[in-house]
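Here is the structure we will look at, set down as structure tokens.
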Amino acid sequence: MPELPEVETVRAGLARHVLDRPIAAVQVHGPLGARVTRRQLGGAEELSARLVGRSFAAAVRRGKYLWLPLREAGGAAEEALFAHLGMSGQFLLPEDPAPEHPHRRVRITFADDGALDFHDQRTFGHLAVTDLVATSDGGPGGDAGGIGSDPLIPEVAAHIARDLLDPMVAAGTVGRAALVRRIRASARGVKKALLDQELVSGVGNIYADEALWTARLHYDRPGRSLPPARLQLLLDAATDVMRAALAAGGTSFDSLYVNVNGASGYFDRSLHVYGREGEPCDRCGGTIRRESFANRSSFRCARCQRRP
DNA sequence: ACTGCGTCCTGGGGGC
DNA sequence: TGCCCCCAGGACGCAG
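Going by the numbering used here, the first sequence opens with residue 106, and the numbers climb by one from there.
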């Protein structure tokens, strides 16, 4: 599943391959294509109308949210193609001529005859052209490749917190202390806090479980029961595992395949708990358990991540 | 305000 | 062998 490292890999691939290429046509394929553009005001026609004739100026990310500001004739970008990959969204640079693919939902054709395809099996992802607005926290952060200090962010992502690989958060200068305070202010289980994109963005189910394993914490451990130093360790663990996954994902794509397929690609061999039900813990030899958590799964070591 | 649960969606794969 | 159902989960809407 695409979490921060996978989305960043996609962002870097897009930055390398699709900037400054005028868009000639946009096709939205079938009812599931329409579903992928469901958040576009005016639907597929409007998406096409807003993209054709323009080009992408940059590829920017915050957490799992990704956007491509559109170049304006005489000034700064005011709109962007916004994308969320959901669970199964992929950006692909198809070979020419490309065969039909059952999961292709949208094709953006460039004036140079190349194309950028959006595939999505489960259609939890979406695409829309959205206005860029000023933010109160000073800009996109993250690996805001290409946009420099532009403080604009898509309206639809303005509520999303900075992520752990944001240079400001990673350095601890912005957000980190406040984040620890907010987790400690709640009785809510610490995994729910990690997954709350308005508290800290980019962490999904896989890396949350891995970070909790590293920090030897149970997912239901109340935030308010944890000393600040323990929470710092947890955030460090989440940062480290996402950095490592990014390093693994960053080596795996070429010009034809912009997306790595999330954790099912190259990083899964490095996972300590996720997807390892019944296997021994790498650290203590205890048994890895899979438990139902918020309508999905949580993996933990039954011995070194005890229930509070 | 805050929290938690249901919903959306498809196809691979396990089990009967 | 074939078919059915479970399961994967990010984000959002709504209920309490």
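Note that CB positions come from ideal geometry on N, CA and C, so glycine has one too.
>> Pop quiz: Leu331 and Val295 are said to be a contact at Cβ under 8 Å. What is the actual Cβ separation, rounded to whole angstroms?
In response: 7 Å
> Can the beta-carbon of Phe187 be found closer than 7 Å to that of Thr228?
Replying inline: no
> According to the Cβ coordinates, are Arg281 and Arg329 closer than 7 Å?
Replying inline: no
> Excluding sequence positions up to five away, which residues of its chain have a Cβ less than 7 Å from the Cβ of His264?
Replying inline: Glu303
> Whose CA, out of Arg140, Val141, Leu137, Leu317, lies closest to the CA of Arg412?
Replying inline: Leu317
>> Are the CB atoms of Cys406 and Ile393 within a distance shorter than 7 Å?
In response: yes
> Can the beta-carbon of Arg126 be found closer than 7 Å to that of Leu171?
Replying inline: no
>> Among the candidates Glu184, Glu151, Glu150, whose CA atom is the shortest distance from the CA of Val165?
In response: Glu184
> Where does the unbroken beta strand (DSSP E) through Arg388 begin, and where does it stop?
Replying inline: Here Arg388 belongs to no beta strand (DSSP E), and DSSP marks it neither H nor E.
> Among Gln132, Arg121, Leu156, which residue has its Cα nearest to the Cα of Ala163?
Replying inline: Arg121
> Between Arg281 and the ligand COA, is the CB less than 6 Å from at least one heavy atom?
Replying inline: Looking at this structure, you won't find the ligand COA or any other ligand, since it has none at all.
>> Comparing C-alpha positions only, which one of Glu151, Arg144, Leu351, Ala233 sits nearest to Leu173?
In response: Ala233
> Can you tell me the Cα-Cα spacing of Ala239 and Gly383, whole angstroms?
Replying inline: 48 Å
> If Leu351 and Glu113 are in contact, beta carbons under 8 Å, what's the gap, nearest whole angstrom?
Replying inline: 6 Å
> In chain order, what residues of the same chain lie with their CB nearer than 6 Å to the CB of Ala292, ignoring the 5 residues before and after it?
Replying inline: Pro327, Arg329
> Taking the alpha helix (DSSP H) that Val346 falls in, what are its first and last residues?
Replying inline: 333 to 354
> Looking only at C-alpha atoms, which of Glu200, Arg176, His208, Ala262 sits nearest to Val133?
Replying inline: His208
> Does the separation of the CB atoms of Leu257 and Leu237 fall below 7 Å?
Replying inline: yes
>> On the criterion of 16 or more Cβ atoms from any shown chain inside 10 Å, does Asp272 qualify as buried, or is it exposed?
In response: Note on residue identity: the sequence assigns Pro, not Asp, to residue 272. So Pro272 ends up on the exposed side.
>> Using the Cβ count rule (16 or more neighbours within 10 Å means buried), how would you classify Gly307?
In response: buried
> Skipping 5 residues on each side, what residues in its chain have a beta carbon closer than 7 Å to that of Gly147?
Replying inline: none
> When you compare only the Cα positions, how much space is there between His189 and Gly230?
Replying inline: 5 Å
> With Arg267 and Arg348 assumed to form a contact (beta carbons below 8 Å), what rounded beta-carbon distance in angstroms separates them?
Replying inline: Not really, about 16 Å apart at Cβ, beyond 8 Å.
> Roughly how many angstroms separate the alpha carbons of Val123 and Leu175, rounded to a whole number?
Replying inline: 12 Å
> Can you list, in chain order, the residues of its chain whose CB lies under 6 Å from that of Leu299, leaving out five sequence neighbours each side?
Replying inline: Val308, Ala313
> Taking the alpha carbon of Leu336 as the point to measure from, which residue in Ser403, Gly191, Arg286 has its own alpha carbon closest?
Replying inline: Arg286
>> Output needed for Glu396: all residues of its chain with C-beta closer than 6 Å, excluding positions within five of it in sequence on either side, in chain order.
In response: Ser403
>> Just to confirm my understanding: we take His323, look at its own chain, exclude 5 residues before and 5 after, and list those with CB closer than 7 Å. What are they?
In response: Arg405, Gln410, Arg411, Arg412, Pro413
>> For Gly194 and Pro107, which I take to be in contact (beta-carbon distance under 8 Å), what is that distance rounded to the nearest angstrom?
In response: 7 Å
>> Can you find the residues in the same chain that come closer than 8 Å, C-beta to C-beta, to Ala139, ignoring five residues on each side of it along the sequence?
In response: Val133, Gly148, Ala149
> Which partner residues of Cys406 appear in the DSSP bridge assignment?
Replying inline: Ile393
> Helix or strand or just coil, what does DSSP make of Val378?
Replying inline: coil
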